[in-house]
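*Asks:* Let me begin by handing over the structure; questions about it come next.
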Amino acid sequence: MQSTDNSISWNDTEIFILGAILGIVIYHIIKIARTSSSISYNKTNSSISTTNKTNYTASCNINKGDNVYSGCGFIYQDKENCFQECNNCSPLKFIPAEDSCETKFGGSCGIKKNQPIFDGCNKIYQSMTNCLQECGECNANYKFVPKY
């Protein structure tokens with residue numbers, strides 16, 4: 227009786243090529259995940275921090291209920307800046323970080339350029355936690371552009 231060996235034998239070159247291909251695939255999956263332009267949050271996955279306590283580009287003087295302007299995937303503090311870059315801008319009401327979510331500088335101070343901000347219930351929120359408390363479901367579809 228003859229024994230048959232059905233195992234696969236891999237040489238070093240084949241293992242190297244397979245590892246390289248796997249590395250490239252993983253790299254592209256991570257790259258796609260990081261560049262996703264629309265991130266949704268709900269009350270079950272709300273542990274993501276929205277503010278960084280260092281390197282502020284202060285964008286103060288945005289009060290609760292003030293208009294900010296959406297255009298080209300961004301929220302602009304200034305109407306003229308929005309129309310200068312996008313030509314098509316829509317006003318939305320701004321809700322700064324409040325209560326336990328407030329930044330160490332208070333309210334809207336400290337929003338950095340390109341920081342994700344949150345939309346829900348037809349408003350823009352600086353804090354994801356505040357947005358979830360009021361709306362229940364929020365999206366990070368926009369990045370912030372302070373007045374320049």
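Residues in the sequence shown are numbered consecutively from 227, following my numbering. Note that beta-carbon positions come from the ideal geometry of N, C-alpha and C, so glycine has one too. Please read these numbers as outputs of a predicted model, since none were measured by experiment.
Among residues of its own chain, excluding the 5 on either side of N307, which ones have a beta-carbon nearer than 7 Å to its beta-carbon?
*Replies:* For N307, where only same-chain residues beyond five positions count, the Cβ hits under 7 Å are V371, K373 and Y374.
*Asks:* Roughly how far, in whole angstroms, is the beta-carbon of Q303 from the beta-carbon of I321, given that I think they are within contact range, below 8 Å?
*Replies:* With a Cβ gap of about 14 Å, Q303 and I321 do not count as contacting.
*Asks:* By how many angstroms is the C-alpha of Q352 removed from the C-alpha of I337?
*Replies:* Rounded to the nearest angstrom, the two C-alpha atoms are 8 Å apart.
*Asks:* Looking at the secondary structure, which residues open and close the beta strand (DSSP E) in which K349 lies?
*Replies:* Counting along the chain, the beta strand (DSSP E) containing K349 begins and ends at K349 to Y351.
*Asks:* Pick out whichever of G362, E240, D238 and N313 has its Cα sitting closest to the Cα of N348.
*Replies:* It is G362.
*Asks:* Helix, strand or coil: how does DSSP classify N365 here?
*Replies:* In this structure, N365 counts as strand in the three-state DSSP scheme.
*Asks:* Let me know if N268 comes out buried or exposed under the rule of 16 or more other beta-carbons within 10 Å of its beta-carbon.
*Replies:* Any answer about N268 is weak, because its pLDDT of 46 lies below 50 and its placement is not dependable; what the coordinates show is given next. With fewer than 16 Cβ atoms within 10 Å of its Cβ, N268 is classed as exposed.
*Asks:* Could you tell me the distance, in whole angstroms, from the CA atom of E360 to the CA atom of D292?
*Replies:* So the alpha carbons of these two residues sit roughly 17 Å apart.
*Asks:* Can the beta-carbon of E324 be found less than 7 Å from the beta-carbon of N356?
*Replies:* Contact: yes.
*Asks:* If you follow the alpha helix (DSSP H) that N293 is in, where does it begin and where does it stop?
*Replies:* Where N293 is concerned, there is no enclosing alpha helix (DSSP H), although the beta strand (DSSP E) it sits in stretches over N293 to G297.
*Asks:* How is the alpha helix (DSSP H) around K305 delimited, first residue to last?
*Replies:* Looking at the DSSP string, the run of the alpha helix (DSSP H) that includes K305 is K305 to C312.
*Asks:* Could you check what DSSP says for G249 in three-state terms: helix, strand or coil?
*Replies:* Three-state result, G249: helix.
*Asks:* State the DSSP-derived secondary structure class of I243, mapped to helix, strand or coil.
*Replies:* If DSSP states are grouped into helix, strand and coil, I243 belongs with the helices.
*Asks:* Is the beta carbon of S334 closer than 7 Å to that of L318?
*Replies:* Contact flag unset, no.
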